[in-house]
């Protein structure tokens, strides 16, 4: 069990995505890596920004890891949100498409238009992460800051 | 003992009508700008343009028209339960605007049927254009969420209905669709009558959206987080099928006629959607008075209708400000 948005957690997330028949079906035709960013929030136990990279191709996840500097260039999409938002997304309180459309999750690279064919795939990715046994930074327990 | 509640009349009481309420300001704008007649639209050039289009071009315009026509029919049919709830709560100023709202939806229905009859000369069953996501939104979710209000007029049910009707159907689909449709017509310099009609539709829909934003803001201010959570939950349920409607249009063509892109649908809509969502969320913890004072003038610009048939525009601008 790994803490979210760490290197090991990203590898585990990638495996979970890769093994998800629901994701594979929804992501047919998807070509492009994504960078998922959790911004720093010391009050939520996240002292510095955490970034994970997922290499996604046509329903497969070919690799997941902590992101490196060059990954932002390689990624087709960069999604960024505060820890409180990711907490609510993983808890199922904020549906990912709503998160993106409302701006709670910032699409820092890429466009909603490109994502339209893959809204279900995005949902399945989040479901795979939510279903994984994970640990969370100190400060994630108790009431959510909203 | 009578079951009839004691009736009193607002307009003969000291309260009178509150012209400062946002719905009342929208009512005044609707009286000035919502009076265009679908029968006054000149479709003569449109019919000539239609005859000169390629088959694929006609097909995509017919597809979009069939989505708009059934969509307008659906919102005209499904609005009544919301009007009933608002009337039962004694919100006279809101009901007055909703009367204009429904009248305008009826005109939109007439407009699209007139286009099919007189421009496209199309009298066959077009429901084959209504794909799975469209059916989910317009055949199931919209009638269900509005119909629920007949038995459950709770604030959460009202919020779910308004999200479905105003934010998703009008905000994401109609406003987006009309913007993309108008972009295509202008870019290709075709169907001038429809271009004018869509400009009127967009202006009407902007007022409807402004009311939806007001209603959701009022519900959030009055009832707090339970209503906000209902709004978030409904957004989460409805956004994917709404975007699915757009995607299913694109899936039907390769290449897409007129060079229409997904960006034509999303770029404008996303900005509007985010601004409205954030505006509603900011009402958490605010007083109702603050919501009403804030107004909605940025939702309904003063130059939103073509000038030639809007002789009362100057007066309307004064009434709405």
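Protein chains in written order, with my numbering: chain B, -4 to 141; chain C, 2 to 322.
Note that beta-carbon positions come from the ideal geometry of N, C-alpha and C, so glycine has one too.
Annotation: the continuous beta strand (DSSP E) that includes residue 101 (chain B) extends over 101 to 104.
Residue C:205 holds the alpha-carbon nearest to the alpha-carbon of residue 29 (chain C) among C:205, C:58, C:111 and C:59. In this structure residue 40 (chain B) is not in contact with residue 128 (chain B), their Cβ atoms being roughly 18 Å apart against a cut-off of 8 Å. With its beta carbon less than 8 Å from one in chain B, residue 233 (chain C) belongs to the interface. Burial check for residue 265 (chain C): the Cβ neighbour count within 10 Å reaches 16 or more, so the residue is buried.
Within the segment 16 to 35 of chain B, contact with chain C at the beta-carbon level (separation under 9 Å) is assigned to no residue.
Against chain B, the beta carbon of residue 247 (chain C) has neighbours under 7 Å at 111, listed in chain order. Chain C places a beta carbon closer than 8 Å to that of residue 96 (chain B), counting this residue as a contact. Interface flag for residue 210 (chain C) against chain B is unset, since no Cβ pair is found closer than 8 Å.
Around the beta-carbon of residue 66 (chain B), 16 or more other beta-carbon atoms lie within 10 Å, marking it buried.
Under the three-state reduction of DSSP output, residue 88 (chain B) falls in the coil class, being neither helix nor strand. Apart from sequence neighbours up to five positions away, the residues of its chain that approach residue 130 (chain C) with a beta-carbon distance below 8 Å are 63, 64, 67 and 68, ordered along the chain. A direct Cα-Cα distance of roughly 23 Å separates residue 193 (chain C) from residue 250 (chain C).
In the DSSP assignment, residue 40 (chain C) forms no beta bridge with any residue.
Contact check between the segment 82 to 98 of chain B and the segment 44 to 53 of chain B: fewer than three CB pairs, one atom from each, fall below 8 Å, which does not count as touching.
Taking a Cβ-Cβ cut-off of 8 Å, residue 139 (chain C) has no neighbours in chain B, whose nearest Cβ is about 18 Å from it.
Apart from sequence neighbours up to five positions away, the residues of its chain that approach residue 21 (chain B) with a beta-carbon distance below 6 Å are 115, 116 and 119, ordered along the chain. Apart from the 5 residues on each side of it in sequence, residue 149 (chain C) sits with its Cβ closer than 6 Å to the Cβ of 158 in its chain, given in chain order. Contact of residue 263 (chain C) with chain B is assigned, a C-beta pair being separated by under 8 Å.
A direct Cα-Cα distance of roughly 59 Å separates residue 31 (chain B) from residue 7 (chain C).
Interface flag for residue 240 (chain C) against chain B is set, since a Cβ pair is found closer than 8 Å.
Within a 10 Å sphere around the beta-carbon of residue 190 (chain C) sit fewer than 16 other beta-carbons, which makes this residue exposed. Rounded to the nearest angstrom, the Cβ distance from residue 77 (chain B) to residue 34 (chain B) is 5 Å, consistent with a contact under 8 Å.
Counting only residues of its own chain and dropping the five nearest sequence neighbours on each side, residue 117 (chain C) has a CB closer than 6 Å to the CB of 123. According to DSSP, residue 48 (chain B) shares a beta bridge with B:30 and B:60. Remark: three or more beta-carbon pairs, one from each stretch, lie closer than 8 Å, so the segment 104 to 112 of chain C and the segment 74 to 82 of chain C are flagged as touching.
Nearest neighbour of residue 257 (chain C) by Cα position, chosen from C:23, C:177, C:152 and C:185, turns out to be C:185.
For residue 89 (chain B), the nearest CB of chain C lies under 8 Å from its own CB, placing it at the interface with that chain. Contact between the segment 93 to 105 of chain C and the segment 13 to 30 of chain C is present: three or more C-beta pairs spanning the two stretches fall below 8 Å.
By the criterion of a C-beta distance shorter than 6 Å, residue 11 (chain B) is surrounded in its chain by 123 and 127, once the five residues flanking it on both sides are discounted. Within 7 Å of the CB of residue 107 (chain B), the CB atoms of chain C belong to 267 and 271, in sequence order along the chain.
With distances taken between CA atoms, residue 33 (chain C) lies nearest to C:208 out of C:208, C:222 and C:56.
For residue 175 (chain C), the CB contacts under 6 Å within the same chain, skipping 5 residues up- and downstream, are 206 in chain order.
In this structure, residue 13 (chain B) sits near residue 56 (chain B), with a CB-CB distance shorter than 8 Å.
Taking a C-beta distance under 8 Å as the contact criterion, residue 125 (chain B) and residue 85 (chain B) qualify as a contact pair.
Per the coordinates, the alpha-carbon of residue 0 (chain B) lies some 40 Å from the alpha-carbon of residue 254 (chain C).
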